[in-house]
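Visitor: Just passing along the structure, written as structure tokens.
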Amino acid sequence: MSNDRTILVTGGGGFVGGRVAESIHLSGFGRARAGVRRWSSAARLCRFPIDVVMCDIMKREDAVQAVEGAQAVVHCAYTDDKTSIVEGTRNMLEAALNCGVERFVFLSTAEVYGSDVQGDVLEAHETPYTGRPYADGKIDAERLCLEYQAKGLPVTILRPSLIYGPMGQSWTVRVAARLQSGNWGTFDEYGSGYCNLIYVDDLVRAIFAAIENPHAVGETFNVNGPDVVTWNEYFQRFNERLGMSPLESISPRQSRLKSMLRDRAQVVASAAVNRFQGLVTRINQREGLGSAVIK
């Protein structure tokens, strides 16, 4: 594909989709077409001359109209509803197949491995149902991707770990708010579990590589950052970047917090990534946190 290709990004009004669309435009990688479910979510994209289209992934007609004329689709529309994940992905895959799309990149999640795994987790690891709608929906959506790959649609599945960066709510904005509240700290052994993060721009580079390199077609890849630190280290680094006073140690009492900080296995991108990713700049956590704070 040439650089005059049109790339549809679903979820264009969200954290990841918005950054993908911006990066396509700013880098000259192609012509970005951002699909949004509500026009109000497109405000971020209005800073740039990016084509914004209505694309409710649960509506087949929206999917077809959004995909028509695109050479590639990056499907990263977010929902935590299992039915919407599965059926929305089906609609996008069907539209892409019928419209002759040359690359379809599906953004899954490392959560498909469950929470009981230990050690390094490679792509061949089993993906068990856990009863959590988001993870189970992604598992079923991945299987749909493989079905459409067999029908002739060139599909790549990416399984990112926890994504952080500017405008990222879960692992950036909310963490910053907790740190600034003065009621947050380090959590002794409860904060010693792995905090397996990836900076959003590293994920964007992996998406670009999946579009660009034919070796990515039909493959599934874990995508994670170069640093694997503990939750305590992450909070300390972020706090430092915010210019706050050093954190104190806190003994957590709430079970929800203990669950959030549980020991996570390290999700590892296998050697197969090198077949398609090439020399991709990897952003370490200190650099990424700096960008998350100042942008």
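Quick note on numbering: the working numbering labels position 78 of the sequence shown as 1368, and the sequence is numbered without any gaps. A virtual CB, placed ideally from N, CA and C, is assigned to each residue, including glycine.
(1) Within its chain, find whatever has a CB closer than 7 angstroms to the CB of residue 1293; leave out the 5 residues flanking it on each side and keep chain order.
(2) Going by CA-CA distance only, name the one from 1419, 1461, 1469, 1512 that's closest to residue 1450.
(3) Assign residue 1304 to one of three DSSP states: helix, strand, or coil.
(4) My parser needs the alpha helix (DSSP H) runs of 4 or more residues fully inside the stretch 1420–1508; what are they?
(5) To the nearest whole angstrom, what separates the beta carbons of residue 1404 and residue 1420, a pair I think is in contact under 8 angstroms?
(6) Whose C-alpha, out of 1510, 1526, 1530, is nearest the C-alpha of residue 1539?
(7) How is the beta strand (DSSP E) around residue 1324 delimited, first residue to last?
(8) Using a Cβ-based criterion (distance less than 7 angstroms to any ligand heavy atom), does residue 1318 qualify as near the ligand ATP?
(9) Using a threshold of 8 angstroms, state whether the C-beta atoms of residue 1344 and residue 1363 are closer than that.
(10) Return the Cβ separation of residue 1534 and residue 1487 in integer angstroms, given the expectation that the two are a contact with Cβ distance under 8 angstroms.
(11) Helix, strand or coil for residue 1537, going by three-state DSSP, please let me know.
(12) Give the DSSP-derived three-state secondary structure of residue 1512 in the structure shown.
(13) Does residue 1505 come within less than 8 angstroms of chain C when only Cβ atoms are used?
(14) For the putative contact between residue 1398 and residue 1437, defined by C-beta atoms under 8 angstroms, what is the C-beta separation to the nearest angstrom?
(15) Whether or not the stretch 1371–1387 and the stretch 1301–1320 are in contact is what I'm after, with contact meaning three or more pairs of Cβ atoms, one per stretch, closer than 8 angstroms; do they touch?
(16) Between the Cα of residue 1462 and those of 1496, 1485, 1298, spot the shortest distance and give me the residue it belongs to.
(17) Find out if the Cβ-Cβ distance for the pair residue 1323, residue 1298 is shorter than 8 angstroms.
(18) Out of 1379, 1444, 1529, point me to the one whose CA is closest to residue 1471's CA.
(19) Pull the bridge partners of residue 1297 from the DSSP assignment, please.
(20) What's the gap between the Cα of residue 1435 and the Cα of residue 1480?
(21) Compare the C-alpha of residue 1349 against each of 1415, 1376, 1359, 1413 and name the closest.
(22) I think residue 1417 touches residue 1402, with their Cβ atoms under 8 angstroms apart; what is that distance to the nearest whole Å?
(23) Indicate the three-state DSSP secondary structure (helix, strand or coil) for residue 1527 in the structure shown.
(24) Taking only three categories from DSSP, how would you classify residue 1397?
(25) Quick one: is residue 1333 buried, meaning 16 or more other Cβ sit within 10 Å of its Cβ, or exposed?
(26) From which residue to which residue does the beta strand (DSSP E) around residue 1342 run?
(27) Would you kindly check if the distance between the Cβ of residue 1493 and the Cβ of residue 1447 is under 8 angstroms?
(28) Cβ of residue 1387 within 8 angstroms of Cβ of residue 1441?
(29) Looking only at DSSP bridge pairs, what is residue 1519 linked to?
Guide: Straight from the coordinates:
(1) Position 3 of the sequence shown, counting from 1, holds the residue named residue 1293. Result list for residue 1293: 1318, 1319, 1320, in chain order.
(2) Taking the sequence shown and counting its residues from 1, the one referred to as residue 1450 is at position 160. The option with the nearest alpha carbon to residue 1450 is 1512.
(3) Residue numbering aside, residue 1304 sits at position 14 when the sequence shown is read from its first letter. Coil, per DSSP.
(4) 1423–1440, 1464–1471, 1490–1502
(5) As a first step, residue 1404 must be located in the sequence shown, where it is residue number 114. As a first step, residue 1420 must be located in the sequence shown, where it is residue number 130. Yes, they are in contact, since the Cβ atoms of residue 1404 and residue 1420 sit about 5 angstroms apart, within 8 angstroms.
(6) Within the sequence shown, numbered from 1, the residue matching residue 1539 stands at position 249. Nearest option by C-alpha distance: 1526.
(7) If you number the sequence shown from 1, residue 1324 lands on position 34. Per DSSP, residue 1324 belongs to the beta strand (DSSP E) from 1321–1326.
(8) For the ligand ATP, the structure offers nothing, since it holds no ligand at all.
(9) Taking the sequence shown and counting its residues from 1, the one referred to as residue 1344 is at position 54. Taking the sequence shown and counting its residues from 1, the one referred to as residue 1363 is at position 73. The Cβ atoms of residue 1344 and residue 1363 lie no closer than 8 angstroms to each other.
(10) For the purposes of this step, residue 1534 is taken as residue 244 along the sequence shown, with counting starting at 1. For the purposes of this step, residue 1487 is taken as residue 197 along the sequence shown, with counting starting at 1. That belief does not hold up - the Cβ atoms of residue 1534 and residue 1487 are roughly 19 angstroms apart, past 8 angstroms.
(11) Residue 1537 sits at position 247 when you count from the first residue of the sequence shown. The answer is coil: DSSP assigns residue 1537 none of H, G, I, E or B.
(12) Counting from one through the sequence shown, the residue named residue 1512 turns up at place 222. Assignment of residue 1512 by DSSP, reduced to helix, strand and coil, places it in the strand class.
(13) Judged by its chain identifiers, the structure shown contains no chain C, having just a single protein chain.
(14) The residue given as residue 1398 occupies position 108 in the sequence shown. The residue given as residue 1437 occupies position 147 in the sequence shown. At roughly 15 angstroms, the Cβ-Cβ gap does not stay under 8 angstroms, so residue 1398 and residue 1437 are not in contact.
(15) Taking a cut-off of 8 angstroms for Cβ pairs, the stretch 1301–1320 and the stretch 1371–1387 do not touch, as fewer than three such pairs fall below it.
(16) To locate residue 1462, count along the sequence shown from 1; it is residue 172. Nearest option by C-alpha distance: 1485.
(17) Mapped onto the sequence shown, residue 1323 falls at position 33. Mapped onto the sequence shown, residue 1298 falls at position 8. Yes; because the gap between Cβ atoms is below 8 angstroms, this pair is in contact.
(18) Within the sequence shown, the letter at position 181 stands for residue 1471. When only C-alpha atoms are compared, the closest one is 1529.
(19) The residue labelled residue 1297 in the question sits at position 7 within the sequence shown. DSSP, once it has assigned bridges, lists 1322, 1362 as partnering residue 1297.
(20) As a working mapping, residue 1435 is identified with position 145 in the sequence shown. As a working mapping, residue 1480 is identified with position 190 in the sequence shown. In a straight line, the C-alpha of residue 1435 is about 37 angstroms away from that of residue 1480.
(21) The count along the sequence shown starts at 1 and reaches residue 1349 at position 59. With distances taken between Cα atoms, residue 1349 lies closest to 1376.
(22) Here residue 1417 is taken as the residue at index 127 of the sequence shown, counted from 1. Here residue 1402 is taken as the residue at index 112 of the sequence shown, counted from 1. Here residue 1417 really is in contact with residue 1402; their C-beta atoms are around 4 angstroms apart, less than 8 angstroms.
(23) Position 237 of the sequence shown holds residue 1527. Correct three-state label for residue 1527: helix.
(24) Here residue 1397 corresponds to residue number 107 of the sequence shown, with the count starting at 1. If DSSP states are grouped into helix, strand and coil, residue 1397 belongs with the strands.
(25) Here residue 1333 corresponds to residue number 43 of the sequence shown, with the count starting at 1. Looking at its Cβ environment, which holds fewer than 16 other Cβ atoms inside 10 Å, residue 1333 is exposed.
(26) Stepping through the sequence shown from its first residue, residue 1342 is reached at position 52. Per DSSP, residue 1342 belongs to the beta strand (DSSP E) from 1341–1344.
(27) Looking up residue 1447 in the sequence shown gives position 157. Looking up residue 1493 in the sequence shown gives position 203. No, the Cβ-Cβ distance between residue 1447 and residue 1493 is not below 8 angstroms.
(28) Within the sequence shown, numbered from 1, the residue matching residue 1387 stands at position 97. Within the sequence shown, numbered from 1, the residue matching residue 1441 stands at position 151. With respect to residue 1441, residue 1387 sits close: the two C-beta atoms are nearer than 8 angstroms.
(29) As a working mapping, residue 1519 is identified with position 229 in the sequence shown. Answer by DSSP bridge pairing, in chain order: 1485.
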